[in-house]
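A.B. asks: Numbering (the numbering used here), first residue to last: 8 to 363. First the structure, then my questions, so here it is.
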Ligand code: KG4
Ligand code: ZN
C-alpha cells in the first residue's frame, strides 16, 4: 500500500471547499468557492441561500480539486467530509454528496469535526507534537483547548455568547464599511483591521469582559453592544445619516479591534498559565496554535506573540489561507485519522450531520 491520499470536502458554513492531500501534508490539488460576496449583499448568511450555492458548486469544486491533483477517484485512500458543527442545511449538502461518491467508489469514509480540523491544520505545515494548546477564533466559534491527540481534545473555555468574527462582521455592517469602495468586497474582520491601521486604538473605552471570572471563557456581546452605543452617539454628534460614513470611523475600528484583541489575549494568558501550573504541556516545547478566520488578524497575532514570548510559549499561526475555511484542513484531518487507524465510518447509513 502506497502513502495515503485523501479527498477532503467542506461545506459547514459558506465556503464550498475540496482538496486532495497526501500523508506528508502535500496539497496535491485544491479548489474553493466562497459565498462571501452574496452574503455581504444580504447583510449576513441566509441558510437556504448558502445551501443552494453549495449545491450549485460542490460537483465543480470537487472535480477541480481532483483535476488539479492529477488523481483519479480510484487513487484515493479515503474520502473525508465535515459533518459537524455547522449550519445543518450547509452540512447536509456536503454529506449527501459525499455519501453518493463513497457509494460509487466504494472508498472508506471519514466523518470530520470542523473545529478539530482547524486545530490540526497547524500540524500539516509545522512540526508540532501532541499535546499543544489551541485557540480557535472564527465567525462561529471561540474556543481554547488542549489537543492531546488526533481525537482527544480537552476544552478549557469557549464563548458564552457571540464569536469574535461575528462581532467584527456586525460592527463592520453597522459602520457601513461596504460603502467604502476599497473595502466593499472584503469580510467584516478584514475591513476593520484595514481601517484600524489608520486609527487611534485608545480613542474609545471598552469594558473588560468577564474580568471577575477566573476561567478561560470568552464573551464578545458586551463589546459589540458598547460599539453599537459608541457608533450611535458619534453619528448623532456628527449628523451622520443614510449611507454616510463617520469621519472618525478608523478610531472606532482601532479601539474595537484593540478591545477584542485585549480580551482574547487576557483569556489566552490565563490558559497559558494554567497549562504551566498543571504541567499539561511538554516543558521544553510549549506551543500555542491559533487558527480560524480571526487568526488572520495581524494585530491579534502580534499581541498573542507578545504574551507567548513573555512566558516562553511558541506561537504557531498557519498561513491565512489555511486559517479560514477550506477543503485542505478537512483532507488533512482525514490523513491524521487514517494514519492513526481511527475514524473510518463502519456504516455509511448511520453517519449524520450535527449542528453542534
Ligand atoms: O474560519 P472562518 O473562515 O469561518 C468560520 O468558521 O466562521 O472565519 C470567518 C470569520 C469572519 O467572521 C471574518 O470576519 C473573520 O473570520 N475574519 C477576520 C479577519 N479575516 C477574517 N477577523 C478579524 N480580522 C481579520 N483579518
Ligand atoms: Zn471554520
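Quick reminder that beta carbons are idealized off the backbone N, C-alpha and C, glycines included. Please read all numbers here as calculations on a predicted model, not as lab measurements.
Looking at residue 169 and the ligand KG4, is the gap between the Cβ and the nearest heavy atom below 7 Å?
C.D. replies: Flag unset: Cβ of residue 169 not near the ligand KG4.
A.B. asks: Throw me the rounded Cβ distance for the residue 299 and residue 125 pair, which I believe falls under 8 Å.
C.D. replies: That belief holds up - the Cβ atoms of residue 299 and residue 125 are roughly 6 Å apart, short of 8 Å.
A.B. asks: Hey, how far is the Cα of residue 106 from the Cα of residue 97?
C.D. replies: Cα-Cα distance, rounded: 15 Å.
A.B. asks: What did DSSP end up calling residue 286 once you bin it into helix, strand or coil?
C.D. replies: Correct three-state label for residue 286: coil.
A.B. asks: Cβ of residue 112 within 7 Å of any heavy atom in the ligand KG4?
C.D. replies: Residue 112: no, Cβ never under 7 Å from the ligand KG4.
A.B. asks: Here's the rule: buried if 16 or more other CB atoms are within 10 angstroms of the residue's CB, otherwise exposed. What is residue 16?
C.D. replies: The residue in question, residue 16, is buried, as its Cβ has 16 or more Cβ neighbours within 10 Å.
A.B. asks: Look up residue 197 in the DSSP assignment and say whether it is helix, strand or coil.
C.D. replies: Residue 197 falls in the helix class under three-state DSSP.
A.B. asks: What span of residues does the alpha helix (DSSP H) with residue 106 cover, start to end?
C.D. replies: Residues 95-112.
A.B. asks: Go through the region 290-359 residue by residue and report every complete run of the alpha helix (DSSP H) that reaches 4 residues or more, in order.
C.D. replies: Listed in chain order, the complete alpha helix (DSSP H) runs (minimum 4 residues) inside the region 290-359 are 305-317, 327-330 and 334-347.
A.B. asks: Counting pairs of beta carbons, one from the region 133-141 and one from the region 289-304, are three or more of them closer than 8 Å?
C.D. replies: The region 133-141 is in contact with the region 289-304.
A.B. asks: Express the C-alpha separation of residue 250 and residue 157 in angstroms, rounding to a whole number.
C.D. replies: Their Cα atoms are separated by approximately 48 Å.
A.B. asks: Determine the DSSP secondary structure at residue 252, reduced to helix, strand or coil.
C.D. replies: Three-state result, residue 252: coil.
A.B. asks: Pick out whichever of 331, 115, 111 and 174 has its Cα sitting closest to the Cα of residue 228.
C.D. replies: It is 174.
A.B. asks: Between residue 302 and residue 330, how many whole angstroms is the CB-CB distance? I'm expecting something under 8 Å.
C.D. replies: Right, the Cβ-Cβ distance comes to about 4 Å (below 8 Å), so this counts as a contact.
A.B. asks: Report the three-state DSSP secondary structure of residue 118 (helix, strand or coil).
C.D. replies: Correct three-state label for residue 118: strand.
A.B. asks: Between which two residues does the beta strand (DSSP E) holding residue 133 run?
C.D. replies: Careful: residue 133 lies outside any beta strand (DSSP E) and carries neither H nor E.
A.B. asks: Say the cut is 7 Å; is the CB of residue 192 nearer than that to a heavy atom of the ligand KG4?
C.D. replies: For the ligand KG4, not one heavy atom lies less than 7 Å from the Cβ of residue 192.
A.B. asks: So, for residue 190: in the same chain, excluding its five sequence neighbours on each side, which residues have a beta-carbon less than 7 Å away from its beta-carbon?
C.D. replies: Hits under 7 Å: 184, 198 and 201.
A.B. asks: Helix, strand or coil: which one does DSSP assign to residue 156?
C.D. replies: In the structure shown, residue 156 sits in a strand (DSSP, three-state: E or B).
A.B. asks: Going by other Cβ atoms of all chains shown within 10 Å of its Cβ, with 16 needed for buried, is residue 313 buried or exposed?
C.D. replies: Flag for residue 313 reads exposed.
A.B. asks: Report back the beta-carbon spacing between residue 264 and residue 203 to the nearest angstrom; my notes put them in contact at under 8 Å.
C.D. replies: Residue 264 to residue 203, Cβ: 5 Å. Contact.
A.B. asks: Once the 5 residues before and after residue 50 are set aside, which same chain residues still bring their CB inside 8 Å of it?
C.D. replies: Here the set comprises 180.
A.B. asks: Does the distance from the CB of residue 355 to the CB of residue 116 come in under 8 Å?
C.D. replies: The answer is yes: Cβ separation under 8 Å.
A.B. asks: Just to confirm before moving on: does the CB-CB distance between residue 365 and residue 127 stay below 8 Å?
C.D. replies: Nothing about residue 365 can be read from this structure; the chain reaches only from 8 to 363.
A.B. asks: Taking C-alpha atoms, which residue in 350, 267, 14 and 43 lies nearest to residue 26?
C.D. replies: For the residues 350, 267, 14 and 43, the minimum Cα distance to residue 26 belongs to 14.
A.B. asks: For residue 237 and residue 218, I'd like the C-alpha separation in whole angstroms.
C.D. replies: One C-alpha to the other measures close to 21 Å.
A.B. asks: Alpha carbon to alpha carbon, how far is residue 342 from residue 28?
C.D. replies: Whole-angstrom Cα-Cα distance: 8 Å.
A.B. asks: Between which residues of its own chain and residue 222 is the CB-CB distance below 7 Å, once the five residues before and five after are set aside?
C.D. replies: Around residue 222: 164.
A.B. asks: Can you give the Cα-Cα distance for residue 241 and residue 112, rounded to whole angstroms?
C.D. replies: The straight-line gap from Cα to Cα measures roughly 60 Å.
A.B. asks: Please work out which residues of its chain come closer than 7 Å, Cβ to Cβ, to residue 30, disregarding the five sequence neighbours upstream and downstream, and give them in chain order.
C.D. replies: Closer than 7 Å at the Cβ level, and outside the excluded window around residue 30, lie 10, 11, 342 and 346.
A.B. asks: Near the ligand ZN, which residues have their beta-carbon closer than 6 Å to a heavy atom?
C.D. replies: Here the residues come out as 121, 125, 145, 299 and 332.
A.B. asks: Identify, in the order they occur along the chain, each residue of the same chain with its Cβ nearer than 8 Å to the Cβ of residue 351, setting aside the five sequence neighbours on each side.
C.D. replies: Here the set comprises 85, 115, 116, 117, 344 and 345.
A.B. asks: Taking the CB atoms as reference points, tell me whether residue 230 and residue 213 lie closer together than 8 Å.
C.D. replies: Cβ distance < 8 Å, so residue 230 and residue 213 count as in contact.
A.B. asks: Can you list, in chain order, the stretches of the beta strand (DSSP E) that have 3 or more residues and sit fully within the region 26-56?
C.D. replies: Fully enclosed beta strand (DSSP E) runs of 3 or longer: 34-41.
A.B. asks: Would you report the Cα separation of residue 357 and residue 57, rounded to the nearest angstrom?
C.D. replies: So the alpha carbons of these two residues sit roughly 25 Å apart.
A.B. asks: Please report the residue range of the beta strand (DSSP E) in which residue 362 lies.
C.D. replies: First-last for residue 362: undefined, no H or E at that position.
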